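Single-structure report; data block below.
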Amino acid sequence: MTLGTSGAQPATQPRRSRWASAAMVIGGFVAVLYVIEAVDVASGLALDRHGIGPRSVDGLQGVAFAPLLHHGWDHLFANTVPLLVLGFVLMLSGIGRGLAVTAVVWIGGGLGTWLTGETASLHVGASIIVFGWLSYLIVRGVFARDLGQLLVGVLVLLVYGSALWGVLPTQEDVSWQGHLFGALAGVLAAWMFAGAARRERAARTLPPSPTLHR
Numbered sequence: 256m257t258l259g260t261s262g263a264q265p266a267t268q269p270r271r272s273r274w275a276s277a278a279m280v281i282g283g284f285v286a287v288l289y290v291i292e293a294v295d296v297a298s299g300l301a302l303d304r305h306g307i308g309p310r311s312v313d314g315l316q317g318v319a320f321a322p323l324l325h326h327g328w329d330h331l332f333a334n335t336v337p338l339l340v341l342g343f344v345l346m347l348s349g350i351g352r353g354l355a356v357t358a359v360v361w362i363g364g365g366l367g368t369w370l371t372g373e374t375a376s377l378h379v380g381a382s383i384i385v386f387g388w389l390s391y392l393i394v395r396g397v398f399a400r401d402l403g404q405l406l407v408g409v410l411v412l413l414v415y416g417s418a419l420w421g422v423l424p425t426q427e428d429v430s431w432q433g434h435l436f437g438a439l440a441g442v443l444a445a446w447m448f449a450g451a452a453r454r455e456r457a458a459r460t461l462p463p464s465p466t467l468h469r
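Just so we're on the same page, my numbering is the position in the sequence shown counted from 1, plus 255.
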């Protein structure tokens, strides 16, 4: 009998599937936002009342609903391209990982906004998610100690880094709290999942398992 190593499988098909899956997931999410906004506009923006109402028991439901709601088409249009670009890059690292990061950003950013927003204000918009994805993609390579992710982070910073000024209270009627806590939640997610990313990278560098030939 002889011992050999299993042959490597072509990487093109998995890579193609990963890109297609990322495009379908983020494209589907944005499509859902447009359907919701169509219903919202048709109802006279009645759905917006389900946004985050800071320190209000009723307003706590907005943690779940606020990222799905927008105050008119212009608001949604402004978020669409960042959602598509950043979401696609995020989902390329794996749909499961991307959804887990999104959950941390969604909940963490929403709760931070609920705790710190102005009294009697109402916060809606997917910018919580945009800022969370942005900060995650910028810093994940630092926590994971991954050169490829660091380079992606630098590119994302060059393209979208100026948006980070949105975490400051410089504009009226803009939820800077959502931007700030979304971004902080993105950093938290990068730290939380760094260990798993390092283990996955280590597993990929291991030699292939030998196969037994009789």
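Each residue gets a CB set at the ideal place from its N, CA and C atoms; glycine is no exception.
Everything numeric in this text was worked out from a predicted model, so none of it was measured.
Measuring alpha carbon to alpha carbon, tell me which of the options ends up nearest residue i.
| i | options | result |
| --- | --- | --- |
| residue 280 | 352, 318, 454, 302 | 352 |
| residue 317 | 323, 305, 371, 325 | 305 |
| residue 321 | 444, 445, 437, 413 | 437 |
| residue 282 | 376, 428, 296, 345 | 345 |
| residue 295 | 328, 307, 315 | 328 |
| residue 419 | 402, 444, 382 | 382 |
| residue 404 | 364, 366, 371, 449 | 449 |
| residue 357 | 319, 371, 374 | 319 |
| residue 331 | 343, 421, 287 | 287 |
Just to check my reading of the structure: residue i and residue j have Cβ atoms closer than 8 Å, yes? What is that Cβ distance to the nearest angstrom?
| i | j | result |
| --- | --- | --- |
| residue 415 | residue 337 | 7 Å |
| residue 347 | residue 324 | The pair is not a contact, with the Cβ atoms about 27 Å apart (cut-off 8 Å). |
| residue 433 | residue 389 | Going by Cβ atoms, the distance from residue 433 to residue 389 rounds to 13 Å, so no, they are not a contact pair. |
| residue 408 | residue 395 | 7 Å |
Answer yes or no: do residue i and residue j have a C-beta to C-beta separation smaller than 8 Å?
| i | j | result |
| --- | --- | --- |
| residue 326 | residue 285 | no |
| residue 406 | residue 393 | no |
| residue 398 | residue 361 | no |
| residue 384 | residue 276 | no |
Can you tell me whether DSSP reads residue i as helix, strand or coil?
| i | result |
| --- | --- |
| residue 326 | coil |
| residue 450 | helix |
| residue 273 | helix |
Which residues bound the alpha helix (DSSP H) around residue i?
| i | result |
| --- | --- |
| residue 434 | 431-447 |
| residue 307 | That residue, residue 307, is in no alpha helix (DSSP H); it is neither H nor E in DSSP. |
| residue 388 | 382-399 |
| residue 363 | 350-371 |
| residue 404 | 402-415 |
| residue 318 | 317-320 |
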